[in-house]
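0 is the number of the first residue of the sequence shown in numbering that gives the first Met the number 0; add one for each residue after it.
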Amino acid sequence: MTTVIDSLASLRDTVTTWKRNGERVAFVPTMGNLHAGHFSLVRLAREHADRVVASVFVNPTQFGPNEDFSRYPRTPSQDIEGLREAGCDLLWLPDVPTMYPYGASQAVRVQVPGVTDILEGAHRPGHFDGVATVVARLFLQVQPDVAVFGRKDYQQLAVIRYLVRDLAFPIDIVAAPTVREPDGLAMSSRNQYLSDTERPVAARIHAVLQAMRSAVQGGGAIGQAEAAAAEALTVDGFEVDYAAIRRRDLQPAGPGDHELVALVAAKLGRTRLIDNLEFDRSAS
Ligand code: PAF
Numbered sequence: 000m001t002t003v004i005d006s007l008a009s010l011r012d013t014v015t016t017w018k019r020n021g022e023r024v025a026f027v028p029t030m031g032n033l034h035a036g037h038f039s040l041v042r043l044a045r046e047h048a049d050r051v052v053a054s055v056f057v058n059p060t061q062f063g064p065n066e067d068f069s070r071y072p073r074t075p076s077q078d079i080e081g082l083r084e085a086g087c088d089l090l091w092l093p094d095v096p097t098m099y100p101y102g103a104s105q106a107v108r109v110q111v112p113g114v115t116d117i118l119e120g121a122h123r124p125g126h127f128d129g130v131a132t133v134v135a136r137l138f139l140q141v142q143p144d145v146a147v148f149g150r151k152d153y154q155q156l157a158v159i160r161y162l163v164r165d166l167a168f169p170i171d172i173v174a175a176p177t178v179r180e181p182d183g184l185a186m187s188s189r190n191q192y193l194s195d196t197e198r199p200v201a202a203r204i205h206a207v208l209q210a211m212r213s214a215v216q217g218g219g220a221i222g223q224a225e226a227a228a229a230e231a232l233t234v235d236g237f238e239v240d241y242a243a244i245r246r247r248d249l250q251p252a253g254p255g256d257h258e259l260v261a262l263v264a265a266k267l268g269r270t271r272l273i274d275n276l277e278f279d280r281s282a283s
């Protein structure tokens, strides 16, 4: 059974009781409209703990002025049913005043330097400040022993790792593999915005990431692979924000770097999609 809690006092009582009984608590933060990708995070969380808490909170501080905060899909009953089936014990459902008692614009903010300015951060100014701010609050509210984040949001994971290390949160971060549709499209709540004609085209992102990997593993220059990827996506009808190959810490890769990640962000119609692929330059 999944207990739904919207008061901070009840959340604290429940988690404190579990911990007093020696139970380990895992946490899966989400913005709701849950799909198979989220449920895989819950199942992975279950493997790391005795109790699993998920949160659903559509966080206003991580949306830019022209982004989709108000039309972000909210599907609470469907989410609760899916969480129950995936084995979640508690759903934390804070409202905006609980999360931001002084209001979102007057909130104490958490800013992670460096990794937040590049790639997604360069295209969505302030986005990662909003993510770091809400995740720090969620960690303080839930006080989990372990938290699970998807690898699909690769840069977000890097931001969270930095936050946890720098603020010494006593929380282990577990990275979960990306769940894909049969044609390779990474699962995302935003996929439902795609029209019937856009949906098959969206899967090209994964194919292009694989082509980037093959080009570099075959000895091609990173710059050329990035340019070819941007060109291929543009021909397919995407408006490309970036197609980049970086070191795993998201810094530019030199010739001696082998552990790499290819990342793409591109818009198809009104839908902005991101995906990535980690690879080893010397493997093939
Ligand atoms: O990945 C998400 O869904 C959100 O960015 C998160 C981590 C729940 C913070 O709002």
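Just so you know, even glycine gets a beta-carbon here, dropped at the ideal spot from N, CA and C.
Distance cut-off 6 Å: residue i Cβ against heavy atoms of ligand 1
i, result
"V163", "no"
"N58", "yes"
"R94", "Checking the displayed sequence, the identity of residue 94 turns out to be Asp instead of Arg. Flag unset: Cβ of D94 not near ligand 1."
"D49", "no"
"V133", "yes"
"P28", "yes"
"V41", "no"
"V145", "no"
"V109", "no"
"V114", "no"
"D78", "no"
"D256", "no"
"D152", "yes"
N- and C-terminal bounds of the alpha helix (DSSP H) containing residue i
i, result
"T29", "That residue, T29, is in no alpha helix (DSSP H); its beta strand (DSSP E) goes V24 to T29."
"D12", "L7 to R19"
"E197", "E197 to A201"
"F62", "Taken as a continuous stretch (DSSP letters only), F62 belongs to no alpha helix (DSSP H), as it is neither H nor E."
"F38", "A35 to H47"
Pick from the options that is closest to residue i, judged by C-alpha positions
i, options, result
"F56", "N275, T74 and L40", "T74"
"D274", "A206, H257 and G255", "A206"
"G253", "G222, W91, E277 and N32", "G222"
"F68", "R245, G31 and L90", "G31"
"L7", "F148, D195, A265 and T97", "T97"
"V27", "I172, P124 and Q154", "I172"
"V163", "Q110, H122 and E277", "Q110"
"E238", "G219, T270, A44 and A167", "T270"
"Q142", "T13, F278 and A282", "T13"
"T2", "A264, S54 and H257", "S54"
"A243", "G113, G236, A265 and G255", "A265"
"L232", "P251, E197 and G219", "E197"
"Q209", "S194, A227, D195 and R45", "A227"
"Y99", "A135, V234 and S281", "A135"
"P181", "F168, A202 and L249", "A202"
Bounding residues of the beta strand (DSSP E) (the contiguous stretch that carries residue i)
i, result
"I221", "Careful: I221 lies outside any beta strand (DSSP E), inside the alpha helix (DSSP H) at I221 to V234."
"Y241", "E238 to R246"
"K266", "E258 to L267"
"N32", "Where N32 is concerned, there is no enclosing beta strand (DSSP E), given that its DSSP letter is neither H nor E."
"T1", "No beta strand (DSSP E) holds T1; DSSP gives it neither H nor E."
"R271", "T270 to D279"
"V52", "R50 to V55"
For residue j and residue i, believed in contact at Cβ under 8 Å, the rounded distance
i, j, result
"A48", "V200", "The pair is not a contact, with the Cβ atoms about 39 Å apart (cut-off 8 Å)."
"P59", "S188", "Wrong, their Cβ atoms sit about 16 Å apart, outside the cutoff."
"M186", "G36", "4 Å"
"R285", "L267", "It is not possible to answer for residue 285, since the shown part of the chain is limited to 0 through 283."
"V107", "L43", "With a Cβ gap of about 31 Å, V107 and L43 do not count as contacting."
"P289", "G217", "Residue 289 is absent from the structure shown; the chain starts at 0 and stops at 283."
"V41", "C87", "5 Å"
Proximity test, residue i beta-carbon vs ligand 3 heavy atom, cut-off 6 Å
i, result
"V130", "Annotation note on ligand 3: not contained in the displayed structure, which lists ligand 1 as its ligands."
Below-7 Å beta-carbon distance, residue i vs any chain D residue
i, result
"S54", "Note that chain D does not occur in the displayed structure, where there is just one protein chain."
- [ ] Pick out the complete alpha helix (DSSP H) segments inside the region 69 to 147, 4 residues or longer, and give them in chain order.
- [x] Annotation: the region 69 to 147 contains the following complete segments of the alpha helix (DSSP H) (minimum length 4 residues), in chain order: 75 to 85, 95 to 98, 119 to 122 and 126 to 141.
TODO: Please go through the region 160 to 202 and give each complete beta strand (DSSP E) segment of 3 or more residues, from N-terminal end onward.
DONE: Qualifying beta strand (DSSP E) stretches, in chain order: 171 to 175.
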